[in-house]
Amino acid sequence: MILTRRLLTLVAMLAALPLTVAMAQSEQQTLVDRATLVVQETIQGSTADSEERRLLRKARAVMVCPRIFRASFIIGGSGGGCALLARDGNGNWSYPAFYGMGSGSVGFQIGIQDSAILMMIMTDKGLGAIMDSQFKFGADANVTVATISFGVEGATTADLGADIVAFSQGRGLFAGIALQGSLLNSRTEWNHAYYGSNMGGRQIVMEMTGRNPGAEPLREVLSRNGASTQSTATTRPMPADAPATPTNRAVRSQSLSPPQR
Numbered sequence: 012m013i014l015t016r017r018l019l020t021l022v023a024m025l026a027a028l029p030l031t032v033a034m035a036q037s038e039q040q041t042l043v044d045r046a047t048l049v050v051q052e053t054i055q056g057s058t059a060d061s062e063e064r065r066l067l068r069k070a071r072a073v074m075v076c077p078r079i080f081r082a083s084f085i086i087g088g089s090g091g092g093c094a095l096l097a098r099d100g101n102g103n104w105s106y107p108a109f110y111g112m113g114s115g116s117v118g119f120q121i122g123i124q125d126s127a128i129l130m131m132i133m134t135d136k137g138l139g140a141i142m143d144s145q146f147k148f149g150a151d152a153n154v155t156v157a158t159i160s161f162g163v164e165g166a167t168t169a170d171l172g173a174d175i176v177a178f179s180q181g182r183g184l185f186a187g188i189a190l191q192g193s194l195l196n197s198r199t200e201w202n203h204a205y206y207g208s209n210m211g212g213r214q215i216v217m218e219m220t221g222r223n224p225g226a227e228p229l230r231e232v233l234s235r236n237g238a239s240t241q242s243t244a245t246t247r248p249m250p251a252d253a254p255a256t257p258t259n260r261a262v263r264s265q266s267l268s269p270p271q272r
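In our numbering, the protein residues as written are 12 to 272.
Here you go:
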């Protein structure tokens, strides 16, 4: 009788295991699906010669944060999940590695916002900074970030020499999205849940070891809209030390702090 009970308990545990994995994976898949929609709406909704398309064709990698929530009542904070994909010299996109973005603030502000962010990572230096275990936007460093609102017409940011160009679109009482002070952290537990093994961001993005068919639509939309001039992104990256000056497109230049050791 005792043996039977133990056997039944073991069978129940084994039966629940695939369900647990599926539930854990569905959270990551939801982020990947939303990231696909952000890329589609941003790139495919633009003109053939738009700045977004030009930058994507030259980009070394992209990071998509489909839903970054920001709320504040005197003391505020923001957070959300992001997917990072890079491509090799042949133009093949990796599968996504997962990151979390968060920040806190103190000041007299009241509001709530839901933002989507699409970062075009233009240089290897920018990609290396993004892939470190933890780093912070807004401190003095050699990595430059320019932020732009979706749909704003005007100057060409490709000439700014930014390592990372972040397009943002916000809905709510806050105007725009402020990356300054935000922290990015690698979410290794999400990578494990999505791929079924312990892999870091570098393994997935640089060594291209991760595989999950759920990310194929995201890889496909990136390949279809950014297929040309990939060699330009890897062999002739944009100058990292070029000055970033504000224009009538309201570009804000920020720096990325070195990773904490």
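Just so you know, even glycine gets a beta-carbon here, dropped at the ideal spot from N, CA and C.
Check	Outcome
Distance, L96 Cα to G341 Cα	Absent from the model: residue 341. The displayed extent of the chain is 12 to 272, so no value can be given.
Cβ pair N202, I215 closer than 8 Å	yes
Same chain, Cβ closer than 7 Å to G225, neighbours up to 5 away in sequence not counted	Q40 and V43
D99 burial status per 10 Å Cβ neighbour count (16 or more: buried)	exposed
Status (buried if at least 16 other CB within 10 Å, exposed otherwise) for G207	exposed
P77 (DSSP reduced to helix, strand or coil)	strand
8 Å contact criterion, which T158 and S126 should meet: CB distance rounded	About 11 Å; that fails the 8 Å criterion.
Of the listed residues N101, L229, G90 and R71, nearest to I141 (C-alpha basis)	R71
Buried versus exposed call for R222 [16 or more other C-beta atoms within 10 Å across all chains shown]	exposed
Residues bridged to S197 [DSSP beta-bridge criterion]	Y110
DSSP three-state assignment for T155, whether helix, strand or coil	strand
Distance between V176 and T53 (C-alpha atoms, nearest Å)	14 Å
Closest by C-alpha distance to G90, when choosing among L129, V232, S193 and T134	S193
For T47 and T245, the rounded distance between their alpha carbons	No answer about T245 holds up, because its pLDDT of 41 lies below 50 and its placement is not dependable.
Nearest-angstrom beta carbon gap, A173 and M133 [assumed within contact, 8 Å]	7 Å
Other residues of its chain near G113: CB distance less than 6 Å, five sequence neighbours each side excluded	G90 and L194
Span separating the alpha-carbon of R213 from that of G111	16 Å
A72 in three-state terms, based on DSSP	strand
Counterpart residues of V176 in DSSP-defined beta bridges	M131 and A157
Residue of N101, V156 and Y205 minimising C-alpha distance to E38	Y205
C-beta neighbour in chain D for E227, strict 8 Å	Here chain D cannot be found, since the structure has a single protein chain.
Option in T199, N103 and Q51 with minimal Cα separation from I128	Q51
Range covered by the alpha helix (DSSP H) that runs through L190	Neither: L190 is in no alpha helix (DSSP H) and is coded neither H nor E.
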